[in-house]
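Trainee:
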Amino acid sequence: MIVYGKRIAELVLLKHSEKIQTIYLAKEIDKRQFNAFSRLNVPLLRVDSKKAQSLARGGNHQGYLLEISPLEPLEFSAIKSMEFVLVLCGINDVGNLGALFRTSFVLGVDGIVICGLKDFKQEGALRASAGAMLDMPFAVVTHALDVVNELKLAHFTLYGTNPKGTDLTQIPKGKKALFLGNEGEGLSNKILSKMDTNLRIPQKREFDSLNVSTAGAILIDRIINGRY
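What follows is the structure, encoded as structure tokens:
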């Protein structure tokens with residue numbers, strides 16, 4: 005898959021150079037960076053602006069484009085040993101997925117489970133995460149109910165999200181999982197019914213809802229810091 009942009013290229017070079025398969029440069033770059041790329045023993049190609057735009061599908065590549073190997077999801081069994089897991093149910097917008105990966109990495113979520121998607125677009129989510137997805141453990145599971153049942157058996161406390169949910173004053177210690185649904189439909193009633201607690205974010209002014217990545221960031225911070 006193709007990733008592009010100076011920041012992501014530098015991150016991949018620094019921490020995940022083994023994933024680089026081909027380097028495409030569309031402009032002159034810093035000599036030290038060029039030498040670092042040259043030492044990788046992978047194809048390094050100069051491309052014109054038209055080719056670069058085609059590879060980046062019109063995105064802002066800043067002259068840096070890398071073809072890297074796909075990210076390897078974890079087996080779900082590895083997720084069950086973690087302390088705090090984010091479960092994303094049917095969220096297919098890569099902007100929201102990327103933002104949630106970035107937030108989860110920064111705030112200290114241990115792992116992410118992606119479920120309910122026929123096709124998980126790694127490439128778009130990785131770019132939207134500004135590269136954070138490279139270091140965020142994740143698993144992909146077909147059915148959300150399987151995730152619910154397995155996490156319950158692994159003694160997780162399950163938290164859903166619902167506008168009619170509860171305001172908690174304290175988050176109990178122990179393994180926990182936060183479930184987020186897509187913006188259009190949220191979590192299904194079947195999933196909500198299996199949660200230990202359904203949370204809501206108190207609003208000072210009435211409005212339809214928050215963007216799922218924004219709501220997720222607020223809830224993750226409150227759960228991790230125990231100050232819901």
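This note's numbering puts the first residue of the sequence shown at 5, with every later residue one more than the last.
In this text, a Cβ means the ideal position worked out from N, Cα and C, and glycines have one as well.
In this text, all values refer to a predicted model and were calculated from it rather than measured experimentally.
#1: Among residues of its own chain, excluding the 5 on either side of Asn-186, which ones have a beta-carbon nearer than 6 Å to its beta-carbon?
#2: Spatial neighbours of Ile-228 within its chain, please: C-beta separation below 7 Å, excluding the five flanking residues on both sides.
#3: So the beta strand (DSSP E) Gly-178 belongs to, where does it begin and stop?
#4: Classify Gly-230 as buried or exposed, calling it buried when 16 or more other Cβ atoms lie within 10 Å of its own Cβ.
#5: Is the number of C-beta pairs between the segment 192 to 203 and the segment 158 to 172 that are closer than 8 Å three or more?
#6: Quick one: measure Cβ to Cβ for Leu-155 and Lys-84, integer angstroms, because I've assumed they're closer than 8 Å.
#7: If I follow the unbroken beta strand (DSSP E) through Gly-115, where does it start and stop?
#8: What are the residues that DSSP puts in a beta bridge with Glu-71?
#9: State the DSSP-derived secondary structure class of Thr-218, mapped to helix, strand or coil.
#10: On the DSSP bridge list, what partners appear for Leu-162?
#11: Out of curiosity, what's the CA-to-CA distance linking Phe-1 and Ile-27?
#12: Rounding to the nearest angstrom, what Cα-Cα distance links Leu-59 and Leu-121 in this structure?
#13: I need the DSSP call for Lys-19, collapsed to helix, strand or coil.
#14: Please state if the CB of Leu-101 and the CB of Ala-143 are separated by a distance shorter than 7 Å.
#15: Would you mind working out which of Thr-146, Arg-106, Asn-193 sits nearest Asp-225, comparing C-alpha positions?
#16: Let me know the beta strand (DSSP E) ranges lying completely inside the segment 90 to 158, each 3 residues or longer, listed in chain order.
#17: Within 10 angstroms of its Cβ, does Gly-178 collect 16 or more other Cβ (buried), or is it exposed?
#18: Go to Arg-36, then tell me how far its beta strand (DSSP E) extends in each direction, as first and last residue.
#19: In chain order, what residues of the same chain lie with their CB nearer than 8 Å to the CB of Arg-11, ignoring the 5 residues before and after it?
#20: Out of Lys-35, Leu-69, His-20, Leu-29, which one is the CA nearest neighbour of Leu-75?
Mentor: So, from the data block:
#1: Gly-94, Ile-95
#2: Phe-88, Leu-111, Gly-112
#3: Neither: Gly-178 is in no beta strand (DSSP E) and is coded neither H nor E.
#4: exposed
#5: Segments in contact, yes.
#6: The C-beta distance from Leu-155 to Lys-84 rounds to 7 Å, short enough to meet the 8 Å contact threshold.
#7: 115 to 119
#8: Ile-6, Thr-26
#9: helix
#10: Ala-181
#11: Outside the shown range of the chain (5 to 232) lies residue 1, about which nothing can therefore be said.
#12: 25 Å
#13: helix
#14: no
#15: Arg-106
#16: 115 to 119, 142 to 145
#17: Using a 10 angstroms sphere on the CB of Gly-178, the tally of other CB atoms stays under 16, which defines it as exposed.
#18: Looking at the DSSP string, Arg-36 is not in any beta strand (DSSP E); the run it does join, the alpha helix (DSSP H), is 35 to 42.
#19: Ala-134, Gly-135
#20: His-20
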